[in-house]
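Report on the following structure.
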Amino acid sequence: MTNQILSNDDWSRYKKEGFLVTKFGNLIDYVMNWARSGSLWPMTFGLACCAVEMMHTASSRYDLDRYGIMFRASPRQSDVMIVAGTLTNKMAAALRKVYDQMADPKYVISMGSCANGGGYYHYSYSVVRGCDRIIPVDVYVPGCPPTAEALLYGMLSLDDIENHLLFLRDDEKCRFELLVDIFGVDYPDREKRFELIYNLLSVVHNIRLHIKLQLDESDIPPSSAKMFSTASWFEREVFDMYGIEFSDHPDLRRILTDYGFKGHPMLKDFPLTGYEEVRYDIEAKKVVYNPIDLSQDFRMLDSLSPWEGNIGGTLAHMIALRELGNVVLLDISDGIPQGKALDIAESSPTDGFNSGLTGTNQYKDIENSDAIIITAGIARKPGMSRDDLLQTNAKVMKEIGENIKKYSPNAFVIVVTNPLDAMVSVVHKFSNLPANMVVGMAGMLDSSRFRYFLASELNISVEDISAFVLGGHGDTMVPLINCTSIAGIPLIQVIDMGLITQKKVDEIVERTRNGGREIVDLLKSGSAYYAPASSAICMLESYLKDKRRILPCAAYLNGEYGVKDLFIGVPVIIGKNGVEKVLEVKMDNSKREMFDKSVNAVKELFRLISKSMVL
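The numbering of the sequence shown is this note's numbering, which starts it at 36 and goes up by one.
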């Protein structure tokens, strides 16, 4: 049975009866909607702290009863399942069983980052990385923990915005009769680019309410002009500024810009200067439009230059001091590389080096480079993990890799950008360089930190400490205690001598894992750059001078360690041919398990990148 069987009068009367939970497509759905109009019976599946926030929605502050929503303990009495918290593999079968016991039509709300994708426990072997792998999810509520307001919005978003507004306006317990504003927010990098926010006011209850509606660029929400007298004006503003259209609007046209204006000024990719200059011509006695040339077509979408940071400048200075060759600094920000190059060059008379330094914003200036060190990308901020940088920096690596392929197809490339192991893979794919000519500065930096912490604790020279750190550059790195020695004496024997305790070694291992975060938290803005630059220089010098040093780097594995087609931190020999050999180190079962966990973490990062770009 289709929609057309209902007459217009029936449909109008039906819409006034309350809000819809499902879209009617046949007589059964119609009857179900009529019976459940203004009613929703969620069945809880609380697993963690998110469940506490879920309970808050039923408290007096939010009071779900006024929305006709009542929690039920039985799946046979429920039409919505709310999954709140971490879902383990052992729980998955029970979750599916409970879901299958719910009567159709039924819906699922995934609440919080743990339910959405595993959250903090994403890389645990026992955790399901998102309940949508077990049951179909209709609404995702973000946050860790998510707020009760977010869950309430998720429940209401099961219905369309028009019926929500009707309910909130007409229900005696709501009485949100004033629409104060409608405004938009543009998130270009999100799958659903726009957020449309309705600001409602209940004078009777003295309450304000914000309702957010997420939209794709192609979505056309219904106009609320017939419900609120102020909506027509607000929707015209949103249309003018963001280009969001509203269906059934009585007069949808521009209101703040001229009718002939091209584009929508509040979009983040809108040209800064426009395409036409508007001015009043005294002689013609009218407003005229003159086309102009844009010096810069579009602004950068990031709040900071994606190539900001200090590693590049530090590297250039170190290369010049060691006279390893002439240096070209490349950055997208006009003036930055030129200024840094000039500043370093002006120190040459004092420091006594003759290396040439050039700053540029053009990729063509890297043509025929012998070696390229990539430091581009947004830096970590306090509270961020390396993985938080994933998508933004992957796009930067893609662009750089394509230009390396174009201008320097024979270069040796060292990648410093985080999350490092995944970024090396992206550069390798898009540069089309042989795998032995692309490496990541992973284990070098981690090993350097490990050696320093040990030297500080033992109060001896860092030159007498030899150590290796394997695995991914991050929290899953694997310090090899059995390969660590002090002046040739194995660390195990040093512990037996009483110079250091096993507990202190374990603390140093943990500090090494979090070495980067420790610096980020101290700096407040930016991340480490002296130690990363020094590590990259060590790798570069071994290549340029054919030193054939054994260094821990993120190198390509093709069967070594049982891993294929993946870049990860292992000891390698670097000489004039790049990575000349991968050395396989024996590990005990515990270290092997840690290494495999690190490998899986890197694979997951690369899988996430593959979702957003063709690799």
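Backbone N, C-alpha and C fix where the C-beta goes; we use that ideal spot for every residue, glycine too.
By the CB criterion at 9 Å, isoleucine 401 and isoleucine 346 fall outside the cutoff. Under the Cβ criterion (8 Å, minimum of three pairs), the region 525-536 does not count as touching the region 545-556. When DSSP states are grouped into helix, strand and coil, valine 238 belongs to the coil group. Going by DSSP, serine 145 is part of no alpha helix (DSSP H) but of the beta strand (DSSP E) stretching over 142-146.
When the beta-carbon positions are compared, alanine 457 and phenylalanine 641 come within less than 9 Å of each other. A residue is called buried once 16 or more other Cβ atoms fall within 10 Å of its Cβ, and leucine 122 is buried on that count. With fewer than 16 neighbouring CB atoms inside 10 Å of its own CB, arginine 225 falls in the exposed class. Secondary structure of phenylalanine 602 (DSSP, three-state): strand. Uninterrupted alpha helix (DSSP H) stretches at least 4 residues long and entirely within the region 257-319 occur at 266-277, given in chain order. For the set His240, Arg204, Gly613, Asp581, the Cα lying nearest the Cα of phenylalanine 447 is the one of Gly613. Annotated as distal: isoleucine 495 and glycine 475, with beta-carbon spacing of 9 Å or more. In this structure, DSSP gives isoleucine 413 a state outside helix and strand, which the three-state scheme calls coil. Runs of the beta strand (DSSP E) lying entirely within the region 343-417, each at least 3 residues long, are 362-365, 392-395, 406-409 in chain order.
In this structure, methionine 126 sits near valine 163, with a CB-CB distance shorter than 9 Å.
Between the beta-carbon of isoleucine 554 and that of alanine 568 there is about 13 Å, and that puts the pair past the 8 Å contact cut.
Residue environment analysis places arginine 131 among the exposed positions, since fewer than 16 neighbouring C-beta atoms fall within 10 angstroms of its C-beta. A contact between stretches requires three or more CB pairs, one per stretch, nearer than 8 Å, and the region 101-117 meets this requirement with the region 134-145. Only residues of its own chain outside the window of five on either side were considered, and among them Leu350, Ile408, Ile449, Val451, Met476 have a CB closer than 7 Å to the CB of alanine 571, listed in chain order. Between leucine 493 and leucine 505, the C-beta spacing is not below 9 Å.
Across the set Glu434, Ile217, Val459, Lys626, the C-alpha of Ile217 shows the shortest separation from the C-alpha of methionine 276. Close CB contacts of asparagine 389 within its chain, under the 8 Å cut and outside five residues either way in sequence, are with Glu358, Ser383 (chain order). By a beta-carbon distance limit of 8 Å, leucine 99 contacts alanine 93. Their separation comes to about 5 Å. Burial check for tyrosine 591: the Cβ neighbour count within 10 Å reaches 16 or more, so the residue is buried. Note that the C-beta distance between alanine 376 and threonine 393 is below 9 Å. By the Cβ test, the region 238-250 is not in contact with the region 280-291, since fewer than three Cβ pairs between them sit closer than 8 Å. With contacts defined as CB atoms closer than 9 Å, arginine 584 and isoleucine 609 qualify as a contacting pair.
About 38 Å separates the beta carbons of glycine 219 and isoleucine 317, which is beyond the 8 Å limit, so they are not a contact pair. CA-to-CA, the gap between proline 256 and serine 282 works out to about 6 Å. A buried status is given to methionine 146, since no fewer than 16 other beta-carbon atoms sit within 10 Å of its beta-carbon. Note that the C-beta distance between leucine 250 and asparagine 234 is not below 9 Å. Residue burial annotation: alanine 406 is buried, with at least 16 other C-beta atoms found within 10 angstroms of its C-beta. In the DSSP annotation of this structure, tyrosine 596 is not part of any beta strand (DSSP E), being labelled neither H nor E. Where methionine 476 is concerned, there is no enclosing alpha helix (DSSP H), because DSSP gives it neither an H nor an E. Rounded to whole angstroms, the separation of the alpha carbons of valine 637 and tyrosine 596 is 15 Å.
Residue Pro444 holds the alpha-carbon nearest to the alpha-carbon of leucine 468 among Phe503, Glu270, Thr182, Pro444. Counting only residues of its own chain and dropping the five nearest sequence neighbours on each side, cysteine 84 has a CB closer than 6 Å to the CB of Pro180.
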